[in-house]
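Engineer: Yeah, the sequence shown ends on 328 if you go by this note's numbering, and it's all consecutive. Please see the structure below; I have some questions.
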Amino acid sequence: MNEARPYVRWWWFADKILQEDIDRQMRWFAEQGFGGVEIAWVYPWPPGAECPSAPRIFSDEWVYAVRYAVKAAEAYQMGADLTYGTLWPFGGSFVDEAHGSMNWDGESPQRLSRSWELAHGAQPGRIVNHLDRRALAAYDQIVGTALGASLTGAKRQEISPAFFADSWEVHPHKLWSRPLGDLAAGWYGWDRSSPPSDVISDAEQRYRYREALGEIVLREFYVPFSELCRSRGALSRVQAHGAPTDLLRAYASADIPESEAVLFDPSFSHIAASAAAAAGRPIVS
44 MNEARPYVRW WWFADKILQE DIDRQMRWFA EQGFGGVEIA WVYPWPPGAE
94 CPSAPRIFSD EWVYAVRYAV KAAEAYQMGA DLTYGTLWPF GGSFVDEAHG
144 SMNWDGESPQ RLSRSWELAH GAQPGRIVNH LDRRALAAYD QIVGTALGAS
194 LTGAKRQEIS PAFFADSWEV HPHKLWSRPL GDLAAGWYGW DRSSPPSDVI
244 SDAEQRYRYR EALGEIVLRE FYVPFSELCR SRGALSRVQA HGAPTDLLRA
294 YASADIPESE AVLFDPSFSH IAASAAAAAG RPIVS
């Protein structure tokens, strides 16, 4: 059964994409017994090098190459999942200040340090605001549109195609958003623009901040992420570990909850498995 076979993480470094390379590698994956591939678009190799021959990410040339890989996987009766964006966490040069990650002091300084866009000399882009579904929707207009186009004509399988959200990796310090401010104002009577000045020093206030943050991460990121994936004709596959939220609920919001255990067996794998069981998800990876 293909659905019981492991997928291989297939990193595409930013360079020219040749169909013969896709064919050769896909044939090798099939010969080794893999059930599918998960494609991620990563930085130029070596890191920091510019590669003008690489198609610009989300361009028509790029979409055509990804679509070719998806069809090649189908020819070998394999699945093909696509990373939802420009590596992890989600971000890019196309994320404007209004939709970028922020903290209660203003704009977050975190930038996407590894990205396909660097192949063309772009500066590291902003991280999308994971605490505001409007920012995620704006991001989807770029990323989801390109990925959806890449699936044109693809055959739907039981567990593929899926769009993949890797582990959290958003800098957590002082995270803030308008939805978080609105929730904290309603729950605790806080000012909508920022938490009280003693939120770090006072244990009760700090607990309240983290309680509201955890709820917003679910409402504004994990739940709408899965909704956006389905609207694009894909399943959602999620590694929620590392996120400052209720991990059971975060994993359960995805079609395919996923842990991460290759070199070691982390205790949080039980959380993904438990969430799948509790939510009635037939597949957990």
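Glycine included, each C-beta is placed from N, C-alpha and C at the ideal position. This structure is a prediction, so every number in the text was calculated from the model and none was measured.
Thinking C-beta only, is residue 116 closer than 8 angstroms to residue 85?
Structural biologist: No; because the gap between Cβ atoms is not below 8 angstroms, this pair is not in contact.
Engineer: Would you kindly work out how many angstroms separate the C-alpha atoms of residue 269 and residue 182, rounded to a whole number?
Structural biologist: Those two C-alpha atoms are separated by around 14 angstroms.
Engineer: Taking residue 327 and residue 300 to be in contact with their CB atoms under 8 angstroms, please state how far apart those CB atoms are, rounded to whole angstroms.
Structural biologist: Right, their Cβ atoms sit about 5 angstroms apart.
Engineer: Taking only runs of the alpha helix (DSSP H) that begin and end inside the stretch 84-145, which ones reach a length of at least 4 residues, in chain order?
Structural biologist: You should have 103-118.
Engineer: Kindly indicate the opening and closing residues of the alpha helix (DSSP H) around residue 231.
Structural biologist: 221-231 is the extent of the alpha helix (DSSP H) around residue 231.
Engineer: What first and last residue would you give for the beta strand (DSSP E) that runs through residue 50?
Structural biologist: Per DSSP, residue 50 belongs to the beta strand (DSSP E) from 50-56.
Engineer: Please find out if some non-hydrogen atom of the ligand GTP comes closer than 7 angstroms to the beta-carbon of residue 264.
Structural biologist: As for the ligand GTP, it is missing from this structure, which has no ligand bound.
Engineer: Who does residue 171 pair with in a DSSP beta bridge?
Structural biologist: In the DSSP output, where bridge partners are listed per residue, residue 171 has 143.
Engineer: Name the one or two DSSP bridge partners that residue 305 has.
Structural biologist: None, per the DSSP bridge assignment.
Engineer: Using the Cα positions of residue 106 and residue 174, report the straight-line distance between them to the nearest angstrom.
Structural biologist: Taking the straight line from one Cα to the other gives about 28 angstroms.
Engineer: Could you tell me the distance, in whole angstroms, from the CA atom of residue 325 to the CA atom of residue 252?
Structural biologist: When rounded, the distance between both Cα atoms is 34 angstroms.
Engineer: Pop quiz: residue 171 and residue 136 are said to be a contact at Cβ under 8 angstroms. What is the actual Cβ separation, rounded to whole angstroms?
Structural biologist: Actually they do not touch by this definition, with Cβ atoms about 12 angstroms apart.
Engineer: Looking at the strands, I want to know which residues DSSP matches up with residue 300.
Structural biologist: Paired residue(s): 281.
Engineer: Distance, Cα to Cα, residue 63 vs residue 57?
Structural biologist: So the alpha carbons of these two residues sit roughly 17 angstroms apart.
Engineer: Less than 8 angstroms between the beta carbons of residue 261 and residue 187, yes or no?
Structural biologist: In this structure, residue 187 does not lie closer than 8 angstroms to residue 261 by Cβ.
Engineer: Alpha carbon to alpha carbon, what distance is there between residue 292 and residue 122?
Structural biologist: Spanning the two alpha carbons is a distance of roughly 27 angstroms.
Engineer: Going by DSSP, what residue range makes up the beta strand (DSSP E) through residue 207?
Structural biologist: Looking at the DSSP string, the run of the beta strand (DSSP E) that includes residue 207 is 205-208.
Engineer: Give every residue of the same chain whose Cβ lies closer than 6 angstroms to the Cβ of residue 319, excluding the five residues on either side of it in the sequence, and list them in chain order.
Structural biologist: If we look at residue 319 and ignore the five residues flanking it on each side, its Cβ neighbours are 300, 327.
Engineer: Evaluate the contact criterion for the stretch 125-142 versus the stretch 153-161: three or more CB pairs, one atom per stretch, below 8 angstroms.
Structural biologist: Enough Cβ pairs lie closer than 8 angstroms, so yes.
Engineer: Could you tell me which of 255, 124, 258 sits nearest to residue 197, measuring between CA atoms?
Structural biologist: Residue 124 is the option with its Cα nearest to residue 197.
Engineer: Given residue 275, which residues of its chain have a CB within under 6 angstroms of its CB, disregarding the five upstream and five downstream residues?
Structural biologist: Excluding positions up to five away in sequence, the list reads 187, 191.
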